[in-house]
Amino acid sequence: MHLEVSQLHKQFPTKRGATVALEDINLHIEESEFVCAVGASGSGKSTLLRLIAGLDTPTTGEILVDGRRVIGPGPDRGMVFQSYTLYPWMSVADNIGFGLKLQGVPKNERRERVAYYLEVVGLLQFARSLPKELSGGMKQRVAIARALACQPKILLMDEPFGALDVQTKETMQQFLLQLWRQTGITILMITHDVEEAVFLSQRVYVLSSRPGTIQREVSLDLPSDRNYSLRRSPTFQNYKYEIVELLRGEAAILYPEAREQLTDFCIPDNN
Amino acid sequence: MTNKLSKSKIDREQKMLPPTVFWRIAEDIPKSLNWVLICLSIGIPLCLWWIVSNSGLVKPLFLPTPLQVLSAIQRLWLTGELPKDIAFSLFRVISGFSLAAIISIPLGTLMGTFASLRALLEPIIGIVRYMPAPAFIPLLILYFGVGETTKILLIFIGTLFFNTLMIMDAVKFVPKESIETSYTLGAKRSQVLFQVIFPFILPNIIDACRVNMAASWNLVIVSELVAATEGLGRRISVGQRYLKTDEIFVGLIVIGIIGLAIDLLFRLLQHLSCRWASR
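Residue numbers (numbering that gives the first Met the number 0), protein chains in the order written: chain P, 0 to 270; chain H, 0 to 278.
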């Protein structure tokens, strides 16, 4: 068992009493698995990731990484945010090596590992560039490399491609898949993009909203070698449709008057 | 009714924003225009001064001509009085300001970083900073006499609190995610403070120092007006006593030029140390 979340509850105090963000969350992620959690805004999916990262503390319940209880953030759980979090005064290489430097890894070893991850994310020729000189996709690749350089047990990603344009997003998804196959890293990614979740992961947790609960767990039986054409296959479309339906049922409960429009809007296009 | 609506719609379609060079908002103006305007900014007041002082409308006693002031500068420079005045004033400003910076930079950074320290110190600093520094002069003279200590402490008091609070505010602009990312990279809190927050706000720290340096210059003059035997402020008060208007102008102009030079020096420092922050 790699990551195990059991009976997790999280509520936030507000002026009008406590708001329940997450209710009775149980999930597990195995070694080298790629899992996505999808949900509409307000499903508490970011909160879930923050709790696993240790950036927030659960109200009740526990999170175990390799049997060890999470009490705070640490380099065994790497994090990639949607917003660009590169340190603007450091070069790309220094950004990637920052975690190693913090942990006191000797300079020589650091240089080797930075060079390795620069190559992995294909940014060797940008080693000395400043973050402001990079495009959005490149920045996220550096952020991923920076997290990976610490050799975390699990990589947590909070809508990492949410701020990217459609083309860059697709390239980055391919890149991430390839990276995952190459390194065998365990990944938990949060997204609201159902297609992204189906394309990338082996398993999808579908979260409902207010309070956030796990509505369904969908195991995806898709080939591990995925490419653009997979998106058009009927199996892929069926999975996507199934999850969209789950989320739509959710939306229909929240906004019943919008039900008809949603039904019109979400009919899958199989051609 | 319908007619009215459609008419107003046509009006709106016809309106387009005309292009402009001078009135551009949030855009740069051409470099050449920029330089012309900079020259005008200095040139017009200088011309006005020259015209008014030479026209005979104002007595030379009240408004010396630029040439008279220039010759006064030369005279005071050659007698060694002006270099001495500059040296003393600079010494006081640099001592008082450095002392304030040495304390306010770590203090402001700590207060910005830790809400606990902020809660502990912000109220008292908030009160003290509203007490005008010159109002401390009687106390300072009482405690330390009329020597250099009083003058340097006056500048110190007048600069310390504003600089601290400005630096504290700068920490707010460090994105929370940057700090949290550092934790997930294995950073301890002290490492976040020294290796993330401090470098992040360094440009703002230099900027705060640049702004508050101006306050230091104001205060050195105040302190020298009270009790001093040399310094640019002293030069001005002596000028008043003996009706040497030209020397008052010398004092004012030299203060302005040194202030501008220090300002530019800070900008250069910021540019060199924080290339990443320049647009």
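Just so you know, even glycine gets a beta-carbon here, dropped at the ideal spot from N, CA and C.
Contacting residues, own chain, Cβ-Cβ under 7 Å from residue i (five flanking each side not counted)
i	result
residue 138/P	83, 85 and 130
residue 26/P	4, 204 and 213
residue 96/P	109, 113 and 148
residue 218/H	132, 153, 154 and 157
residue 225/P	176 and 198
residue 235/P	197, 221 and 229
residue 67/H	245
residue 30/P	1 and 185
Nearest neighbour of residue i, chosen from the options [CA to CA]
i	options	result
residue 271/P	11/P, 81/P, 18/P and 41/P	This structure cannot speak to residue 271/P, because chain P is shown only from 0 to 270.
residue 70/H	186/H, 115/H and 245/H	245/H
residue 172/H	203/H, 186/H and 151/H	203/H
residue 174/H	148/H, 112/H and 121/H	112/H
residue 116/P	158/P, 105/P, 94/P and 209/P	94/P
residue 100/P	145/P, 231/P and 48/P	145/P
residue 73/H	255/H, 249/H and 270/H	249/H
residue 91/P	64/P, 136/P, 141/P and 47/P	141/P
residue 200/P	211/P, 215/P, 172/P and 210/P	172/P
residue 241/H	60/H, 16/H and 31/H	60/H
residue 170/H	109/H, 223/H, 67/H and 233/H	109/H
residue 298/H	199/H, 229/H and 193/H	Only positions 0 to 278 of chain H appear in the structure, and residue 298/H is not among them; the question remains open.
residue 9/P	45/P, 73/P, 30/P and 220/P	45/P
residue 251/H	162/H, 20/H, 201/H and 85/H	85/H
residue 256/H	29/H, 41/H, 67/H and 18/H	41/H
residue 156/P	167/P, 181/P and 196/P	196/P
residue 233/H	88/H, 206/H, 47/H and 38/H	88/H
residue 102/H	31/H, 222/H and 167/H	167/H
residue 43/P	21/P, 152/P and 98/P	21/P
Within chain P, partners of residue i - CB distance below 7 Å
i	result
residue 198/H	88
residue 131/H	None at all; the shortest Cβ gap to chain P is about 38 Å.
residue 51/H	Correct list: empty, because the minimum Cβ distance to chain P is about 49 Å.
Proximal chain P residues relative to residue i, where beta-carbon distance stays under 9 Å
i	result
residue 273/H	88
Neighbourhood of residue i by C-beta distance below 8 Å, restricted to the same chain and skipping five residues each side
i	result
residue 6/P	23, 24, 25, 59, 60 and 61
residue 143/H	149 and 152
residue 211/H	96, 99, 158, 161, 162 and 165
residue 0/H	Because the pLDDT at residue 0/H is just 48, under 50, the model does not fix this residue reliably, and the point stays unresolved.
Within chain H, the residues that residue i reaches when beta carbons sit closer than 7 Å
i	result
residue 97/P	184
residue 80/P	176 and 180
residue 2/P	Here the premise fails: no neighbours, minimum Cβ distance about 15 Å.
Residues near residue i in its chain [Cβ-Cβ closer than 6 Å; skip 5 each side]
i	result
residue 52/H	62 and 64
residue 98/H	155
residue 259/P	Summary for residue 259/P: the model assigns pLDDT 49, below 50, so the residue's position carries little reliability; its value from the coordinates is reported in the next sentence. Hits under 6 Å: none found.
residue 50/H	none
residue 107/H	163, 166 and 167
residue 264/H	none
residue 226/H	145
residue 125/P	91
residue 13/H	none
Chain P contact residues for residue i, given Cβ-Cβ distances below 8 Å
i	result
residue 177/H	84 and 86
residue 195/H	86
Interface partners of residue i on chain H, CB under 9 Å
i	result
residue 145/P	180 and 184
residue 246/P	Neighbours of residue 246/P on chain H: none; closest Cβ ~26 Å, over 9 Å.
residue 199/P	Simply none; closest approach about 21 Å.
Residue i: contacting residues in chain H (beta-carbon distance under 8 Å)
i	result
residue 131/P	275
residue 187/P	Neighbours of residue 187/P on chain H: none; closest Cβ ~13 Å, over 8 Å.
residue 178/P	Going along chain H, no residue has its Cβ under 8 Å from residue 178/P, so there is no contact; the nearest lies around 18 Å.
residue 7/P	The premise fails here: residue 7/P is roughly 19 Å from chain H at the closest Cβ pair, so nothing lies under 8 Å.
Contact test: residue i Cβ vs the ligand HEM heavy atom, cutoff 7 Å
i	result
residue 64/P	For the ligand HEM, the structure offers nothing, since it holds no ligand at all.
Next item on the list: Mind checking the stretch 179-193 of chain H against chain P and listing, in chain order, the residues whose C-beta falls within less than 7 Å of any C-beta there?
Entry: 179, 180, 182, 183, 184, 185, 186 and 190
Notebook entry, point to check: Listed in chain order, which residues of the stretch 58-76 of chain P have Cβ atoms closer than 7 Å to some Cβ of chain H?
Noted result: Taking 7 Å as the Cβ-Cβ cut-off against chain H, the residues of the stretch 58-76 of chain P that qualify are 72, 73, 74 and 76.
Next item on the list: Taking 8 Å as the threshold, find out whether the stretch 178-195 of chain H comes into contact with the stretch 60-78 of chain P through three or more Cβ pairs.
Entry: Output reads yes: the stretch 60-78 of chain P touches the stretch 178-195 of chain H.
Next item on the list: Say whether the stretch 30-37 of chain P touches the stretch 179-191 of chain P, bearing in mind that this needs 3 or more beta-carbon pairs closer than 8 Å, one atom from each stretch.
Entry: yes
Check: Residues in the stretch 149-175 of chain P with C-beta within 7 Å of chain H's C-beta atoms, listed in sequence order?
Finding: Interface annotation for the stretch 149-175 of chain P against chain H: 149, criterion Cβ-Cβ distance under 7 Å.
Notebook entry, point to check: So does the stretch 130-140 of chain H actually touch the stretch 75-95 of chain H, counting three or more Cβ pairs closer than 8 Å?
Noted result: no
Next item on the list: Would you list, in chain order, the members of the stretch 163-174 of chain H that have their beta-carbon closer than 9 Å to a beta-carbon of chain P?
Entry: Cβ contacts with chain P come from 174.
Margin query: Under 8 Å: do the stretch 263-275 of chain H and the stretch 88-106 of chain H share three or more Cβ pairs, one atom per stretch?
Written below: Judged by pairs of C-beta atoms under 8 Å, the stretch 263-275 of chain H does not touch the stretch 88-106 of chain H, as fewer than three such pairs exist.
Item checked: Residues within the stretch 103-128 of chain P neighbouring chain H, beta-carbon criterion of under 9 Å -> Here the close residues number zero.
Check: If contact means a Cβ-Cβ distance below 9 Å, which residues of the stretch 41-55 of chain P contact chain H?
Finding: 49, 52, 53 and 54
Notebook entry, point to check: Given a limit of 9 Å on CB to CB distance, which residues of the stretch 18-34 of chain P reach chain H?
Noted result: none
Checklist line | Inter-stretch contact (C-beta, 8 Å, three-pair minimum) for the stretch 64-71 of chain P and the stretch 46-53 of chain P | finding: yes
Check: According to a CB-to-CB cut-off of less than 8 Å, which residues of the stretch 206-234 of chain P neighbour chain H?
Finding: Per Cβ criterion, the list is empty.
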